[in-house]
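A short worksheet on the structure shown next.
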Amino acid sequence: MWGMFMQRDFEVVEREACFRGFYKLDRVHLRHRQFAGGMGPVIRRELFVRHDAVCVLPYDPQRDAVVLIEQFRVGAMDKAENPWLLELVAGLIDKDEEPEEVAHREAQEEADLVLGPLWPVSRYFPSPGGSDELVHLYIGRCDSEGAGGVHGLPEEGEDIKVHVMSFADAMQAVRDGRINNAASIIALQWLALNRDEVRGMWK
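Following this line, the structure appears as structure tokens:
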């Protein structure tokens, strides 16, 4: 049966602070209840402690187009042929903000877009084996006419190019691997499944 365990079924024995910067790294000593019954042995896990993130796919229901951004990603430089990735608008919740506020703010900063209503898609853990990051994922209504150019905050080293793509072209980019990051793939596939409903509500 799924969901048989709860918060009380694990115990943190010790938590060490290994690194403190913009991000944090902890070493956690813990034990948890096992499927066979009883508590297991103490295990040690490194945990990358991150701010939660907000990702939003700007979607223009009138033109059936999406707005994606392109920027250099250090995490892809050793494992991708091209480390400039096509992505969603995204940002971290590092202030006293609601996820929806972050979505609207980042759309303006990264793509010079004013978003309309947001459609919540999911909240998910992108890498729970070693990180506590939680992603809030949305589709955001937009008018893509005139969207483009290079944006971002220079003081944060951002150099972000904006692309407007038809929904069909974006899905083809998922199929052929040009879009190769989790949030973008999840959002586009969700939109593929729910596009008729979204367009019906937003037209």
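Numbered according to the working numbering, the sequence shown spans residues 5 to 207.
Note that the Cβ used here is the ideal one computed from N, Cα and C, for glycine as well.
The structure displayed is predicted, hence computed values, not measured ones.
Under the rule that 16 or more other beta-carbon atoms within 10 Å means buried, what is residue i, buried or exposed?
i, result
"Asp98", "exposed"
"Asp114", "Checking the displayed sequence, the identity of residue 114 turns out to be Glu instead of Asp. So Glu114 ends up on the buried side."
"Val106", "buried"
"Tyr63", "buried"
"Ser126", "exposed"
"Glu164", "Just to set this straight, residue 164 is Ile in the shown sequence, not Glu. Counting Cβ neighbours within 10 Å, Ile164 comes out buried, since at least 16 surround it."
"Leu92", "buried"
"Tyr27", "exposed"
"Ala40", "exposed"
"Ser148", "buried"
"Cys146", "buried"
"Leu141", "buried"
"Ile47", "exposed"
Does DSSP put residue i in a helix, in a strand, or in coil?
i, result
"His155", "strand"
"Val118", "coil"
"Asp64", "strand"
"Arg54", "coil"
"Ala94", "strand"
"Arg3", "With the chain covering only 5 through 207, there is no way to say anything about residue 3."
"Pro103", "helix"
"Gly161", "coil"
"Gly134", "coil"
"Gly79", "helix"
"Gly150", "coil"
"Pro87", "coil"
"Arg127", "strand"
To the nearest angstrom, how far is it from the Cα of residue i to the Cα of residue j?
i, j, result
"Gln75", "Pro124", "24 Å"
"Leu197", "Val139", "20 Å"
"Glu159", "Gly95", "15 Å"
"Leu29", "Glu50", "7 Å"
"Ala151", "Ser135", "34 Å"
"Met10", "Lys207", "43 Å"
Please list the terminal residues of the continuous beta strand (DSSP E) segment that includes residue i.
i, result
"Arg35", "Lys28 to His36"
"Gly42", "First-last for Gly42: undefined, no H or E at that position."
"Glu18", "Phe14 to Arg24"
"Gln11", "Premise fails: Gln11 is in no beta strand (DSSP E) and is neither H nor E."
"Val70", "Ala69 to Phe76"
"Ile143", "Val139 to Arg145"
Taking the alpha helix (DSSP H) that residue i falls in, what are its first and last residues?
i, result
"Met175", "Phe171 to Arg179"
"Arg203", "Ala186 to Trp206"
At a cut-off of 6 Å, would you count residue i as near the ligand ZN, judging by its Cβ distance to the nearest heavy atom?
i, result
"Gly152", "In the structure shown, the ligand ZN is absent, as is every other ligand, since no ligand is present at all."
Indicate whether at least one CB of chain D lies closer than 7 Å to the CB of residue i.
i, result
"Leu119", "Any reference to chain D falls outside this structure, which holds one protein chain only."
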